[in-house]
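Protein chains in written order, with this note's numbering: chain A, 1 to 349; chain B, 350 to 698. Below is one structure; the comments refer to it alone.
Protein chains: 2
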Amino acid sequence: MDTPNRQENSGALVAGVDGVHAGRKPSLDPLCRLLSSELERVNQLIVQRMQSPVALIPELAGHIVAGGGKRLRPMLTLGCARLCGYRGGRHIALAAAVEFIHTATLLHDDVVDASNLRRGRDTANAVWGNKPPILVGDFLFSRSFELMVADGSLRVLEILSRASSVIAEGEVLQLMTANDTRTSEAAYLAVIQAKTAELFAAASRIGAVMAERPQEEEEALDRFGRNLGIAFQLVDDMLDFSSHQSELGKSIGNDFRDGKVTLPVLVAFARGDKGERAFWRRTIEEQDQRAGDLQQAIHLVEQRGGIAETLSRARSYAATAIGALSIFRDGSERRALIDAAGFATERGF
Amino acid sequence: MDTPNRQENSGALVAGVDGVHAGRKPSLDPLCRLLSSELERVNQLIVQRMQSPVALIPELAGHIVAGGGKRLRPMLTLGCARLCGYRGGRHIALAAAVEFIHTATLLHDDVVDASNLRRGRDTANAVWGNKPPILVGDFLFSRSFELMVADGSLRVLEILSRASSVIAEGEVLQLMTANDTRTSEAAYLAVIQAKTAELFAAASRIGAVMAERPQEEEEALDRFGRNLGIAFQLVDDMLDFSSHQSELGKSIGNDFRDGKVTLPVLVAFARGDKGERAFWRRTIEEQDQRAGDLQQAIHLVEQRGGIAETLSRARSYAATAIGALSIFRDGSERRALIDAAGFATERGF
């Protein structure tokens, strides 16, 4: 696990935010614009490779693929390949492979969490029940490896098969820490490092592998992706307790209802008084949740600084991510990736 | 799909059964004896590679791995490699990779089927609920690819990633044909071809790939494994309606309870009278099952020749499998593989 070096990185962040964005809010738009034609080819390949004579497969896969994800992970692969000066066409298929791994884990996650909504739409399990998403997840996962095998790089296969194992380990570890307010911050960080940051790291790293860049650049991109992934997940976990999100009509409180022990809860629990700890034990450990409990949880997280602390940590990881790009030359690719890292912590969705 | 050529293959079967086994019942024992030290190394590698710092993973994986499977698929990889004269050590890791794919699909299958018993023991989902087996299945699947990547053969990766996709397609197709007595025999055969025979074919084929044998031998081993896999699944489906199994105290009737439309049911339905078809529609399509229905189903399957017909087809596929081995030289490996193919149809478990 990388620990952010605040001193080193606050400079890079300032350079990133002030120098590049000149006061405006960081955004994914520059990266989307830069990669729009390549991203279009990735989307076409995804649709093409999720086909099967078994009609339910493209139907169900299409439901989640069309569900309006940000395509952040494939954009990292495309963007990092370009940052490394890659000029070939392999990054399209590998970006699609990365998105297939992500989509397979989403399908399985939603079954495991019994989630009914994702990005404001019914989940696949809400529409088709649990059985098809488990099996279609397996299919997409296999398809991902078929894409990588067709690409033919054993190094890429090594990075992404390793990432897939680590993701599964992270998901199991998350199950084991659920409903346990004694979860340590280290255990929480190990979960998000594995379930989220590992794929961000792998998706970024393979950009340097494709471009046959030196080990130093591979490691820099791994560090970029990994820290960005941690920042991204911290903000995800924070937004789940955001009263502002709630006012916007967005779905919140899913982690609370599932008894997931995320950083906002850990902070509120650690800083809470006896009565507050009893509240968390009842709602998270005993899963005894009543009307008004979510509002109370949001209130306690906010009041005890859980939102501010989580956001501050996320910004620190994002700064480390941006700092990792310092060895690459300045240009539209680097600026767009820096902007994407800034977006990870300043986004409202 | 290969169709068995009865004329061509009955000769081979007679040669196999009469010439080699001299009247005794075919058995897996010769293959087990021949491969015992290699199989021991496969088992050690499986235990070693299912380890993880996340304790639940080896615990749950150990439960199913130790659950007394026949290790048929890894034995095919080991046996076919030896048949092709392979003398290296790569077959150990690839046999373990094949078994990991199989184990991952078993974990997911048991969740999808809500099965409580496998091989007389509690299933992982019966012990831990549905969530851990979904995620540990994903872990084992990833580990399988890590083993293949470490082996380094893109051709093997291509064969096994393709097989994994086809297995998932077969499982989804099986879901779509469940509870539907209008399922055609062709659709049923497509399901078992995909969900079972594809991995048997791949496990066998990679023996020739490792030994760098010509395309003709690769294809012969694919044909051997594929037809053996179909025979094996036909017998599995037959045993689920076997009153003899029931007398032995073995678990039967799982497919019936799940509403799976297998060949014994298709035969009994096709040959049944109006009342019998109404019985199948009520129990399989409407899933309205009452006390005594399983006994009635077993009776109808037996009476209408569903057992005999399924076994006869299975023997025909097994004969085709044995015939495919004719291009290889006679020897202990070929005799043991022929015996294993005979065992597939004459087994009682």
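Backbone N, C-alpha and C fix where the C-beta goes; we use that ideal spot for every residue, glycine too.
If you reduce the DSSP assignment to three classes, tell me which class residue i lands in.
i, result
"residue 471/B", "strand"
"residue 117/A", "strand"
"residue 301/A", "helix"
"residue 527/B", "coil"
"residue 693/B", "helix"
"residue 58/A", "helix"
"residue 678/B", "coil"
"residue 374/A", "Limits of chain A in this structure are 1 at one end and 349 at the other, which puts residue 374/A out of reach."
"residue 88/A", "coil"
"residue 75/A", "helix"
"residue 480/B", "helix"
"residue 241/A", "coil"
"residue 622/B", "coil"
With distances taken from CA atoms, which of the options is nearest residue i?
i, options, result
"residue 469/B", "617/B, 415/B, 390/B and 625/B", "415/B"
"residue 324/A", "336/A, 109/A and 220/A", "220/A"
"residue 675/B", "432/B, 379/B and 427/B", "432/B"
"residue 588/B", "574/B, 572/B, 605/B and 504/B", "605/B"
"residue 241/A", "230/A, 138/A and 299/A", "299/A"
"residue 269/A", "33/A, 100/A and 302/A", "302/A"
"residue 183/A", "340/A, 347/A and 260/A", "260/A"
"residue 535/B", "615/B, 690/B and 502/B", "615/B"
"residue 230/A", "254/A, 262/A, 218/A and 111/A", "262/A"
"residue 322/A", "130/A, 343/A and 155/A", "343/A"
"residue 32/A", "76/A, 46/A and 54/A", "76/A"
"residue 519/B", "582/B, 477/B and 644/B", "582/B"
"residue 338/A", "253/A, 87/A, 163/A and 225/A", "225/A"
Straight-line CA distance for residue i to residue j?
i, j, result
"residue 540/B", "residue 410/B", "26 Å"
"residue 311/A", "residue 188/A", "15 Å"
"residue 685/B", "residue 377/B", "8 Å"
"residue 428/B", "residue 497/B", "18 Å"
"residue 623/B", "residue 630/B", "11 Å"
"residue 291/B", "residue 473/B", "Limits of chain B in this structure are 350 at one end and 698 at the other, which puts residue 291/B out of reach."
"residue 446/B", "residue 264/A", "40 Å"
"residue 695/B", "residue 585/B", "11 Å"
"residue 689/B", "residue 418/B", "15 Å"
"residue 141/A", "residue 375/B", "38 Å"
"residue 133/A", "residue 453/B", "15 Å"
"residue 370/B", "residue 467/B", "Interpretation of residue 370/B is limited by its pLDDT of 46, a score under 50 that renders its predicted location unreliable; no figure is taken from the coordinates."
"residue 655/B", "residue 59/A", "35 Å"
"residue 669/B", "residue 510/B", "26 Å"
"residue 291/A", "residue 502/B", "57 Å"
"residue 46/A", "residue 99/A", "8 Å"
"residue 405/B", "residue 399/B", "11 Å"
"residue 243/A", "residue 401/B", "38 Å"
"residue 546/B", "residue 202/A", "34 Å"
"residue 478/B", "residue 289/A", "22 Å"
"residue 678/B", "residue 555/B", "18 Å"
Does chain B have any CB closer than 7 Å to the CB of residue i?
i, result
"residue 143/A", "yes"
"residue 138/A", "yes"
"residue 346/A", "no"
"residue 52/A", "yes"
"residue 21/A", "Because the pLDDT at residue 21/A is just 46, under 50, the model does not fix this residue reliably, and the value given afterwards should be weighed accordingly. Not an interface residue."
"residue 47/A", "no"
"residue 135/A", "yes"
"residue 25/A", "no"
Check the Cβ of residue i against every Cβ in chain C and list those closer than 8 Å, keeping chain order.
i, result
"residue 219/A", "Absence of chain C from the displayed structure is noted, the protein chains being A and B."
Could you confirm whether any beta carbon from chain A is found closer than 7 Å to the beta carbon of residue i?
i, result
"residue 550/B", "no"
"residue 669/B", "no"
"residue 412/B", "no"
"residue 587/B", "no"
"residue 513/B", "yes"
"residue 518/B", "yes"
"residue 386/B", "no"
"residue 455/B", "no"
"residue 501/B", "yes"
"residue 505/B", "no"
My assumption, with CB atoms under 8 Å, is that residue i sits in contact with residue j. Please give the rounded CB distance.
i, j, result
"residue 34/A", "residue 332/A", "6 Å"
"residue 548/B", "residue 422/B", "6 Å"
"residue 150/A", "residue 167/A", "22 Å between Cβ atoms; not a contact."
"residue 558/B", "residue 565/B", "With a Cβ gap of about 13 Å, residue 558/B and residue 565/B do not count as contacting."
"residue 211/A", "residue 81/A", "6 Å"
"residue 521/B", "residue 135/A", "5 Å"
Taking 6 Å as the cut-off, does the CB of residue i come closer than this to any heavy atom belonging to the ligand NAP?
i, result
"residue 173/A", "In terms of ligand content, the structure shown is empty, and the ligand NAP therefore cannot be addressed."
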